[in-house]
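To keep things clear, I will list the structure first and then write my remarks on it.
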Ligand code: MG
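Residue numbers (this note's numbering): -16 to 373.
Right, here's the structure in full:
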């Protein structure tokens, strides 16, 4: 097995949405195609990967360091004892001569290639990735995955009506739990928005997300006000690396919280569990493989969770992409974020999948099945159609 070429492209993932911290008007995304010399069912095996939303493309690191390392590696350094491409060995090759710590957006670049390597690996065995992961874990994959609709943005000039219309649309699509942004306005008007949202989704079905905007005092003043609403969870109140804020929130708020989408390594995840005061019977963890060194690193993060007494069912990854959907079903995590209609063509799942009562079924195509999403396929043809047959 040899990797014969790796193509990389930068695509727009721009949208007009905004959270408490950033707008997405110039958001970009790296996409790669990892081409192998393997032929399965008459077709050359090519793996595709991309990074999750919220971080910009990692083109420089991909082109300067990671792709050359994979292409220059002795093939024996990429292949496992079973003769197949081994993403764990490829990970070690990519991370050669990289110092620990200070992960920056190197973790994003590795996550892009890791996704493509797992896609190729599962295609080589002609099975969906979740089946490969479940087989390796000696378990049956979950037959469907719990998903919630993330959105709930601010609508200048028509805030309440816009928010309610958005959530009505998500309920029509089959979701029961929805998430809205808070922290871009003051507490009083956010409470008005929350009360308006609850009228549509019902008590117990609403998450709120501050995107790490709050200082300690604001975190706690929101916590005091939010208690009355019995929210599904209160997400990323303070800075993702300020574990003292998270610990103070746990002390003051006896309902579920969620965080972790901006922690990019198993070491960062361990620090959250050590110092963030999070409660394994109540809270949710949202690490996103496509931002944080990929699935190879995610296995290490899940080992840390186990060590600290957390069930994998408390993990609901950020990002709303199909890689996490496979990991959730294959490894038995708790669920997956979903962004209906946003961050296209990278967000969302294969076209043939349906959401019912906030559960989505799973794709049957080999690998990730990204080519079965029409707008993703069109993007691939546009980006790589001159070099490979999509
Ligand atoms: Mg979030």
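The C-beta atom is built at its ideal place from N, Cα and C for all residues, glycine as well.
For ligand 1, a non-hydrogen atom lies closer than 7 Å to the CB of residue 192. Shortest gap from the CB of residue 301 to any heavy atom of ligand 1: under 7 Å. Using a Cβ distance threshold of 8 Å, residue 321 and residue 133 count as a contacting pair. Within the same chain, 249 come within 6 Å of residue 283 by CB-CB distance, once the 5 residues on both sides are set aside. In this structure, residue 55 has its CB at a distance of at least 7 Å from all heavy atoms of ligand 1. Taking non-hydrogen atoms of ligand 1 into account, the C-beta of residue 218 is found less than 7 Å away from one of them. A distance below 7 Å between beta-carbons, with the five flanking residues on each side excluded, links residue 230 to the following residues of its chain, in chain order: 258, 259 and 260.
For residue 20, the uninterrupted beta strand (DSSP E) segment begins and ends at 11 to 23. Taking every protein chain shown into account, the CB of residue 54 has fewer than 16 other CB atoms within 10 angstroms, so this residue is exposed.
DSSP places residue 33 inside the beta strand (DSSP E), whose first and last residues are 26 to 33. Closest in alpha carbon position to residue 193, among 316, 158, 302 and 5, is 5.
Between the alpha carbons of residue 251 and residue 25 lies a distance of about 43 Å. The Cβ neighbour count for residue 90, taken over all protein chains shown within 10 Å, is at least 16; the residue is labelled buried.
Per DSSP, the unbroken beta strand (DSSP E) holding residue -9 starts and ends at -14 to -5. Separation of the CB atoms of residue 310 and residue 278 is rounded to 6 Å, and the pair is thereby assigned contact status at 8 Å. A distance criterion of 7 Å places the beta-carbon of residue 244 in contact range of ligand 1, judged by its closest non-hydrogen atom.
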